[in-house]
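Residue numbers (our numbering): 21 to 319.
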């Protein structure tokens, strides 16, 4: 999970170029972590991986709260929305992590690009935003790209593709809640609540499906969580130096990382259908981004 722009004190030492560099580094580190998660899923159940990832990410995130007043920054009058966000976020991870276990890394990564497109659909359905024709076109192209990738002929990775798409849908719904919360709560506190509650949701399930790790495996699980929290910090700092619109194009580097990591780590070679579908989904997100940017300029 990457975080949205936080609440920072107004300063004049912001550097957009540094923001872009930090985002590139953050995306690269998160992509490597996705590879780690995929490898962990070969040994441990999804709930156990999610617990360690989220619980130990709270350690570096706790330090991020210090500049905001420490525990004072966690005060919120919107606890129900935080819980709802955490439930959707946990569902997203369960779907995406399971998809990692049965599909190539690049396939799942490409399907997750549907998330911002589905945000437009949900926002329109709930009457929160108007959706332009260009945005609807982007959604259709994006779904077409997903269908090309999963090849819905009754076999292949159809089930994995649908699970990844369901995860993207829950992620889109969580983004809408995150937008509402960001009006009153800092990004750091939202991330802390989301990861903390998500870890608590997974804790009871650990009694039914816990796989005892070796000392090295335990160190790997804990290290994965701490690294995840540090990656969140890098992303937050990127949004401090640059705006979301400046940073958005950098997200396309996820596909490059997924191809490289999938090939070097898991010997996964993307098919022609996957590459065509990936390009369609990325093109669709670009259309949606341009449409949203144009709409903002006319306000």
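Using N, Cα and C, we set each Cβ at its ideal position, and we do this for glycine too.
(message) Taking its Cβ as the centre, do 16 or more other Cβ atoms sit within 10 Å of residue 187, making it buried, or is it exposed?
(response) To locate residue 187, count along the chain shown from 1; it is residue 167. So residue 187 ends up on the buried side.
(message) Is the separation between the beta-carbon of residue 321 and that of residue 226 shorter than 8 Å?
(response) Coverage of the chain is limited to positions 21 through 319, which leaves residue 321 absent and any answer about it impossible.
(message) In this structure, how does DSSP classify residue 96 when only helix, strand and coil are distinguished?
(response) Along the chain shown, read from residue 1 onward, the residue named residue 96 stands at position 76. Note: residue 96 maps to coil in three-state DSSP.
(message) For residue 152 and residue 210, what's the separation of their Cα atoms in angstroms?
(response) For the purposes of this step, residue 152 is identified with residue 132 of the chain shown, where counting begins at 1. For the purposes of this step, residue 210 is identified with residue 190 of the chain shown, where counting begins at 1. Straight-line Cα distance between these residues: approximately 30 Å.
(request) State the Cα-Cα distance for the pair residue 37 and residue 108, rounded to the nearest angstrom. (result) Counting from one through the chain shown, the residue named residue 37 turns up at place 17. Counting from one through the chain shown, the residue named residue 108 turns up at place 88. Approximately 33 Å, taken between the alpha carbons.
(request) Spatial neighbours of residue 250 within its chain, please: CB distance less than 6 Å, with the 5 preceding and 5 following residues excluded, ordered by chain position. (result) Residue numbering aside, residue 250 sits at position 230 when the chain shown is read from its first letter. The answer, listed in chain order, is 80.
(message) Once DSSP output is grouped into helix, strand and coil, what is the label at residue 228?
(response) On the chain shown, position 208 is the one that residue 228 refers to. Residue state, collapsed to three classes: helix.
(request) For residue 175, collect the residues of the same chain with a Cβ closer than 8 Å to its Cβ; drop the 5 residues on either side in sequence, then sort them by chain order. (result) Here the question's residue 175 lines up with position 155 in the chain shown. Bear in mind that a pLDDT of 43 at residue 175, under 50, signals an unreliable position, so the number given afterwards is only what the model happens to contain. None.
(message) Taking the alpha helix (DSSP H) that residue 148 belongs to, which residues open and close that run?
(response) Reading the chain shown from its first residue, position 128 is the one you call residue 148. It is not in any alpha helix (DSSP H) - residue 148 carries neither H nor E in the DSSP assignment.
(request) Under 7 Å Cβ to Cβ from residue 219, same chain only, skipping five residues before and after it: list those, please. (result) Translated into positions along the chain shown, residue 219 becomes position 199. The residues are 71, 74 and 75.
(request) In angstroms with no decimal places, state the Cα-to-Cα distance between residue 51 and residue 246. (result) The residue given as residue 51 occupies position 31 in the chain shown. The residue given as residue 246 occupies position 226 in the chain shown. Answer to the nearest angstrom: the Cα atoms are 15 Å apart.
(message) Is it the case that the stretch 123–132 contacts the stretch 232–243, given that we only count it when at least three CB pairs across the two stretches are under 8 Å?
(response) no
(request) Assuming residue 66 and residue 137 form a contact by the criterion Cβ under 8 Å, report the distance between their Cβ atoms to the nearest whole angstrom. (result) Stepping through the chain shown from its first residue, residue 66 is reached at position 46. Stepping through the chain shown from its first residue, residue 137 is reached at position 117. Not quite, the Cβ-Cβ distance comes to about 25 Å (not below 8 Å), so this is no contact.
(request) Quick one: residues in its chain with C-beta nearer than 8 Å to the C-beta of residue 307, no 5 flanking neighbours on either side, listed in chain order? (result) By one-based count along the chain shown, residue 307 stands at place 287. Closer than 8 Å at Cβ, skipping near neighbours: 154, 155, 157, 158 and 161.
(request) Identify the continuous alpha helix (DSSP H) that holds residue 222 and give its terminal residues. (result) Residue numbering aside, residue 222 sits at position 202 when the chain shown is read from its first letter. Residues 207–222.
(request) Measure the alpha-carbon distance for residue 173 versus residue 167 and round it to whole angstroms. (result) Your numbering for residue 173 matches position 153 in the chain shown. Your numbering for residue 167 matches position 147 in the chain shown. At residue 173 the pLDDT is 42, less than 50, meaning the model places this residue with poor confidence and gives no usable figure here.
(message) Measuring only the C-alpha atoms, how far is residue 284 from residue 278?
(response) In the chain shown, residue 284 corresponds to position 264, counting from 1. In the chain shown, residue 278 corresponds to position 258, counting from 1. The alpha-carbon atoms of residue 284 and residue 278 are separated by roughly 10 Å.
(request) Can you have a look at residue 105 and say buried or exposed, based on whether 16 or more other CB atoms are within 10 angstroms of its CB? (result) The count along the chain shown starts at 1 and reaches residue 105 at position 85. Flag for residue 105 reads buried.
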